[in-house]
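> Protein chains in written order, with my numbering: chain A, 1 to 754; chain B, 755 to 1099. Yeah, the Cβ is synthetic: ideal placement off N, Cα and C, and Gly gets one too. Got a structure here, written out as structure tokens. Questions coming.
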Amino acid sequence: MIDRLILRMRIIGPILGLLMSLPVGLRPLTAQEFRPSAQANSPSSRPTSTTIVMADQRDAAMIVGVMGAVATPGIYQFDSRHVTIRDLIEKAGQPTQTAAGTVRVLRGSYVNMKLFMPSQEEFPLEPADMIVVESQSQPQHRVIDFSRLNEVSTESKQHQPPAETIQIGLVNLLDYPMLMTLKSVDADLQTLLVNLLNQAPAAAYNLKVIEPVAKPQNQTPGLDRPLLDGTVLVFDPRLVDRERLPVFPAPFKVKTVAQFNPPDGIAAQMSSHQSVIPSTDETYLPMPEMHSPAPLIAPQNAEPQFEYSAEEAARTQQARDRIVEAYLSTQHQQAGSETNSSAQAYVRQRLPGQLPTITPSQSPIHRNAVHSGSNSPVQLTHLQSGNSEQAANVPIDLSGVIEQQQPVSNVEHWHQPQPDPRFMSHADSTSVATSPSTLSRSHTSQPQQPSPGDISSENRIAQLDPFDDIQADFPRKQFLQFAPQTEPEVPLPQEISDAFPSDDARMERVTSEMASHKHATAESSVSQLVPLPTEDPYDIHLAAIESRTTQKWKIAGSILCGIVCAGGAYAGYVYQKRRGQQRSSIIPQRASSHLQKSPQQGSQSTSTMMSSTFDQLQALIEDLLPIEEQEVVLQSGQHLFGHPTISKYLRVDTAHLDPVSGDHELTGPHFARKPKITTQPEKTTEHSRADSSPAQETSSLQVEMDGKVFRTDTAQPTPSPTRSPSTTPHEQQRDLMDRVTSMINREKRHEHRS
Amino acid sequence: MNIALDLGSTAFRTLRRDGSKLVARQLPTLYLSIPQNTPASRLIARAGITPLQTDGFDIITGQDALEIAEFLQTPLSTFLAEGRVPENDPIARQLIATSLDALIPTLDDEPGLCVLALPGRHVDLSVNPELNYFTQVIGLKNYQLLPLHASLALGLAELGDTSFTGLALTMGASCCELSVIRYGVEVAYASISRGGFWLEEELAQTASQFSYTRDGKKYLDVLEMHRWIQSDDASLKRPKSDMNKILAERFQSLMTYLIEEMTQQLSAQKHALAGLHESIPLVIGGGLSQLDGAHQVFEKRLGNSLGSVGISQLRLVSQNTWTICRGCLIHAELEANYHNSLSAA
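Following this line, the structure appears as structure tokens:
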């Protein structure tokens, strides 16, 4: 009773709180409140330092992955959100001859469903889905033969020579799945996590490994766990350090011919790639950065020159000045005019003369941007904290300067850092194929590295995206430059300073260790990744004093525990001895009686077991055994497949009639005779309403059963324009407040009855 | 290890023996589907309830579903619509499998025996189309399935003092079943497709107990009727109020239909009842048998015989949730002992 009351209060409490928080009555929810809670809580939707929030997210990138028994496994990016399994497999070059006819769909970290092809090939995919086309050579799941109950067999994989390369799927590592092909000798978790992905070993502790064999999927794997071909690793996105990830190839874009006009330089590559994946109506665009990493750092002469109109240039200049003024006003409160001028010069130096064109992010590796369709308003808002908070609150309307039709490769790729050469060595076409576009990498020219005289990538990025640079560099610069000057400290003797290091020295040591940990190379061992803390000698001295003080109490406690344990063991021994004596006095009698019945069933131990079983069976029949009820709760957050059928037999409106036969859903086993249903429009008067409401013409049903006629009218009577909307009780109950009130009254009635 | 499984229309229950005690588990078989990203779903999330998720809907099960359905005025759905596994409801089928997975522990060593009391009326259990579904689901837990009528399980649980000989009548939610048991063997079986649900729907229809969903759809508020029947206000002995008069009338109608149908079905099995010359006791269980005044109605309407079978004693099972499960477990233990003795011989 108390639990029910608590549960009801849990439901009613937030509702009443919500209602009381409303200023005047009920109001419609805003668009922000209509956002799904799960999306609002997801890590990808948390506000970062710079977030571009678009008005419409329906045209977000549809990036899905396919692996397993297909011709070209990889990550594909579609320009349409309506993508089915068949579409994806067609883009991946159709299943191979070893395909088993089943597809496993991995969605996020909680969905792992198995579908059968081709009956379920129209299953719609969601963004970031990863599908695994299972092959016949993969070991099947556990099979239980019910005709042979004593044998529970698992069809194991036949002894086959290990493949040289294996495919590993990575989910939740980025905002879309990834696919890697590793050498089988290097395929273990430690190599993958530490050496290839540059992640801390702790990322494996919440890792979900989905293997093609039937094993518990939620177990925590060890770092030396070998990975099988077709294994999918589902990461916890909270534990993934994206900054340390190597540069992955971009997804393989799929565009239609009508929408895509390839540049001249890659037309030949497209034609060669089309020979790999024949298609009549669609072409496949290999991402330029896949076979030319050089554009990741833009050459100096490749800076885009945009022509602005006078109005746009004035608006841009005005926005930039607002940022500068807002920032400098903050600086003015903390420093003098001299520092103000230096900061102003720094800001004006950092801000470019022209704002670059912002194109929709095709690769969400380093941009937290979601683009909408063309001509949609874009609002850029700073969400940073610190000294530039005022500047952060200055919204800039960039709708006038954004050009959605610009090619993809001018800005976005420059923001991506240089690929990790260690990863690139693994990602070579001989060992690693992270994308289908690796096929085109092998026969394309190597990218041109930037010349030494070119501007560095950091400065280039700073010029192109001033907001990231401002928030990243200015607080630190301000701290270093405008730190308050304190009196110089008297230097301590060397012995004292060595024995008791100052806070600054310890801070420097910790900072250096953190930096070394941050830039730990892949060759470093696991122990080197975790810096060991050094203890302060003063702390050690205090710990020794404390340990000596408490040592006496610990010894006394140990002695006391030992005495208690010895007493308990002796009591248990005495109890077992007495019970054995009692059992020995009972067992011979029943054993002898049982042996008289079946003398061929020999030993005394068997007879005691049988007598015990008979006793328990007799107690079960006489209902003498106590029942201990265990609480069972279904696993929350589990994802089910399919749509629920809302209509049930309890509902009697016309929506639940069978359109073919016209039978009512109540004509199940609950009724011995099938009722006759007649549909006729009639003039009905609402009998349940005492008021003199006008008659309405509604389509009603009459169900005849057992000589009686039951009328079931349509769902809701059409509201009459002459009637007040709050005259009927049912219409009054539409409001949430009324429902809450009726709920409370109902509760009171129940309590009064009880 | 053996286990008993009672797939009732209102709850799934399991019972197994663990040493000198019985371990029981149960799950209600009602669920509520609420569209996602709606105010109702957000309110549920704020209440701290984590639902199951499907394509566009939040699924709430158990006691939470009962509470929220009453509050949001949303009709409930059952796992077993009218005692049958629904063929066109994938959510219900998955919920059945998930519930069984949570209720039944997995056997690692050697397979066990699972005695199942199927819901609904099934004249011939061997040709039951739902048996294949349950065989596959329970087989994943390393159990061999053995189906059973709920009435036979009731008889095994309550007729131990008469050598498992007698009549057992269950008045469940979706149907009423009768088994004629002789020395633990079911010699005749009869059933009708009316039960507690039928009575609740009849009461709701007669009393015009309708309610409306949020989108204006009209539905029978049988949940309110169910609560009223289980309360102390519902009585068959003193029908003073209008609702009690309607209840008494409908219950009498149900008894009339039950006696007529079962007499007719038992008369068709006269050859199986030829060995029964003496009167045997009748055990009545189920939710409807717990109504106040039901014992007097049974005595008055049944008399000394049901069809050609004489009744020597009328017993009403005390309100015990685990009676059917206990009968199934008795059957499982007896079968296991029989197989063990065969293997030992």
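With 16 as the cutoff for other CB atoms within 10 Å, does Asp-87(A) come out buried or exposed?
On the first sequence, position 87 is the one that residue 87(A) refers to. Its Cβ being crowded by 16 or more others within 10 Å, Asp-87(A) is buried.
> DSSP on Lys-215(A), reduced to helix/strand/coil?
Residue 215(A) sits at position 215 when you count from the first residue of the first sequence. Because Lys-215(A) sits at a pLDDT of 44, beneath the cut-off of 50, its placement in the model cannot be relied upon, and the point is left open.
> Could you check whether the Cβ of Gly-920(B) sits closer than 8 Å to any Cβ belonging to chain A?
For this step, residue 920(B) is matched to residue 166 along the second sequence. False, the Cβ-Cβ gap to chain A never drops below 8 Å.
> Hey, how far is the Cα of Glu-1053(B) from the Cα of Pro-865(B)?
Position 299 of the second sequence holds residue 1053(B). Position 111 of the second sequence holds residue 865(B). C-alpha separation (whole angstroms): 45 Å.
> What does DSSP give as the partner residues of Ile-935(B) in its beta bridges?
Indexing the second sequence from 1 puts residue 935(B) at position 181. The partner list for Ile-935(B) (beta bridge, DSSP) reads Gly-920(B), Glu-940(B).
> Could you name the residues of the segment 877-895 of chain B whose beta carbon sits closer than 8 Å to any beta carbon of chain A, in the order they occur along the chain?
From the segment 877-895 of chain B, only Thr-889, Gly-893, Leu-894 have a Cβ closer than 8 Å to chain A.
> Here's the rule: buried if 16 or more other CB atoms are within 10 angstroms of the residue's CB, otherwise exposed. What is Glu-122(A)?
The count along the first sequence starts at 1 and reaches residue 122(A) at position 122. Looking at its Cβ environment, which holds fewer than 16 other Cβ atoms inside 10 Å, Glu-122(A) is exposed.
> Looking only at its chain, what residues have a beta carbon closer than 8 Å to the beta carbon of Gln-817(B), apart from the 5 residues adjacent to it on each side?
The count along the second sequence starts at 1 and reaches residue 817(B) at position 63. Hits under 8 Å: Pro-782.
> Output yes if chain A places a C-beta closer than 8 Å to the C-beta of Asp-996(B); else output no.
Within the second sequence, residue 996(B) is the residue found at index 242, counting from 1. False, the Cβ-Cβ gap to chain A never drops below 8 Å.
> For the segment 616-630 of chain A, which residues have a CB atom closer than 9 Å to at least one CB atom of chain B, in sequence order?
The residues in question are Gln-616, Leu-617, Gln-618, Ala-619, Leu-620, Ile-621, Glu-622, Asp-623, Leu-625, Pro-626, Ile-627, Glu-628, Glu-629, Gln-630.
> Please work out which residues of its chain come closer than 6 Å, Cβ to Cβ, to Leu-906(B), disregarding the five sequence neighbours upstream and downstream, and give them in chain order.
Taking the first residue of the second sequence as position 1, residue 906(B) is located at position 152. These residues qualify, in order along the chain: Ser-933, Glu-940.
> Please list the terminal residues of the continuous beta strand (DSSP E) segment that includes Pro-1035(B).
In the second sequence, residue 1035(B) corresponds to position 281, counting from 1. Start and end: 1034-1039.
> Hey, would you say Arg-936(B) sits closer than 8 Å to Gly-1029(B), going by beta carbons?
On the second sequence, residue 936(B) is found 182 positions in, with the first residue counted as 1. On the second sequence, residue 1029(B) is found 275 positions in, with the first residue counted as 1. Yes, these two residues count as a Cβ contact at 8 Å.
> In the DSSP assignment, find the beta strand (DSSP E) that holds Pro-782(B) and state where it starts and stops.
Your numbering for residue 782(B) matches position 28 in the second sequence. 775-782 is the span of the beta strand (DSSP E), which, as asked, contains Pro-782(B).
> Under DSSP, the alpha helix (DSSP H) around Gln-817(B) begins and ends at which residues?
Within the second sequence, numbered from 1, the residue matching residue 817(B) stands at position 63. Unbroken alpha helix (DSSP H) run through Gln-817(B): 817-826.
> According to the neighbour-count rule (16 or more other Cβ atoms, all chains shown, within 10 Å of its Cβ), is Leu-624(A) buried or exposed?
Here residue 624(A) corresponds to residue number 624 of the first sequence, with the count starting at 1. Exposed.
> At 8 Å on the CB atoms, spell out the chain A contacts of Thr-815(B), in chain order.
Taking the first residue of the second sequence as 1, we reach residue 815(B) at position 61. Ordered by position in chain A, the residues that pass the 8 Å Cβ test against Thr-815(B) are Leu-634.
> Between Ala-819(B) and Tyr-785(B), is the Cβ-Cβ spacing less than 8 Å?
Locating residue 819(B) in the second sequence gives position 65, counting from the first residue. Locating residue 785(B) in the second sequence gives position 31, counting from the first residue. Going by C-beta atoms, Ala-819(B) is nearer than 8 Å to Tyr-785(B).
> Please tell me whether Ala-92(A) and Pro-73(A) are closer than 8 Å, where the distance is taken between their beta carbons.
Position 92 of the first sequence, counting from 1, holds the residue named residue 92(A). Position 73 of the first sequence, counting from 1, holds the residue named residue 73(A). Yes, Cβ-Cβ distance for Ala-92(A) and Pro-73(A) is below 8 Å.
> Is it true that the segment 881-893 of chain B meets the segment 1033-1047 of chain B, where meeting means three or more beta-carbon pairs spaced less than 8 Å apart?
Taking 8 Å as the limit for Cβ pairs, the verdict is that the segment 1033-1047 of chain B does not touch the segment 881-893 of chain B.
> Assign Val-574(A) to one of two classes, buried (16 or more other C-beta atoms within 10 Å of its C-beta) or exposed (fewer than that).
Counting from 1 along the first sequence, the entry for residue 574(A) is found at position 574. Classification of Val-574(A): exposed, given that the 10 Å Cβ count is below 16.
> Could you compute how far the alpha carbon of Gln-576(A) sits from the alpha carbon of Ala-569(A)?
Here residue 576(A) is taken as the residue at index 576 of the first sequence, counted from 1. Here residue 569(A) is taken as the residue at index 569 of the first sequence, counted from 1. If you take the alpha carbons of Gln-576(A) and Ala-569(A), they lie about 10 Å apart.
> So, helix, strand or coil for Ile-858(B), using DSSP?
Sequence index remark: in the second sequence, residue 858(B) carries index 104 (1-based). Three-state result, Ile-858(B): coil.
> Between Leu-990(B) and Asn-756(B), what straight-line distance do the alpha-carbon atoms span, to the nearest angstrom?
On the second sequence, residue 990(B) is found 236 positions in, with the first residue counted as 1. On the second sequence, residue 756(B) is found 2 positions in, with the first residue counted as 1. Taking the straight line from one Cα to the other gives about 40 Å.
> Do you know offhand how far Cys-929(B)'s Cα is from Gly-950(B)'s?
Position 175 of the second sequence, counted from the first residue, corresponds to residue 929(B). Position 196 of the second sequence, counted from the first residue, corresponds to residue 950(B). Approximately 8 Å, taken between the alpha carbons.
> Measuring only between beta-carbons, confirm whether Phe-116(A) sits less than 8 Å from chain B.
Taking the first residue of the first sequence as 1, we reach residue 116(A) at position 116. False, the Cβ-Cβ gap to chain B never drops below 8 Å.
> Can you look up Lys-1024(B) in the DSSP assignment and give me helix, strand or coil?
Translated into the one-based positions of the second sequence, residue 1024(B) becomes position 270. Correct three-state label for Lys-1024(B): coil.
> Let's test the definition: count the other Cβ atoms within 10 Å of the Cβ of Asp-986(B) and tell me whether it reaches 16, buried, or not, exposed.
Here residue 986(B) corresponds to residue number 232 of the second sequence, with the count starting at 1. By the 10 Å Cβ count, Asp-986(B) comes out exposed.
> Got a sec, what are the start and stop residues for the alpha helix (DSSP H) Gln-1050(B) sits in?
Translated into the one-based positions of the second sequence, residue 1050(B) becomes position 296. From DSSP, the alpha helix (DSSP H) with Gln-1050(B) extends over 1048-1056.
> Which partner residues does Arg-1069(B) have in the DSSP bridge list?
Counted from its first residue, the second sequence places residue 1069(B) at position 315. Partner(s): Val-1037(B).
> Since Gln-807(B) is in the beta strand (DSSP E), which residue starts that stretch and which ends it?
Indexing the second sequence from 1 puts residue 807(B) at position 53. Taken as a continuous stretch (DSSP letters only), the beta strand (DSSP E) holding Gln-807(B) covers 806-808.
> Kindly indicate the opening and closing residues of the beta strand (DSSP E) around Ser-965(B).
Counting from 1 along the second sequence, the entry for residue 965(B) is found at position 211. Residues 964-966.
> Does any C-beta atom of chain A lie closer than 8 Å to the C-beta of Met-755(B)?
Along the second sequence, one-based indexing puts residue 755(B) at 1. Not closer than 8 Å to any Cβ of chain A, the Cβ of Met-755(B) fails to qualify, so no.
> In chain B, what lies closer than 8 Å to Gln-638(A) by C-beta?
Against the first sequence, residue 638(A) aligns to sequence position 638. Under the 8 Å cutoff, chain B gives Leu-806, Gln-807, Thr-852.
> Would you mind reading off the limits of the alpha helix (DSSP H) that contains Arg-796(B)?
Numbered from 1 along the second sequence, position 42 holds the residue referred to as residue 796(B). Segment 793-800, the alpha helix (DSSP H) holding Arg-796(B).
> Which term fits Ile-744(A), buried or exposed, when burial requires 16 or more other beta carbons within 10 angstroms of its beta carbon?
Your numbering for residue 744(A) matches position 744 in the first sequence. So Ile-744(A) ends up on the exposed side.
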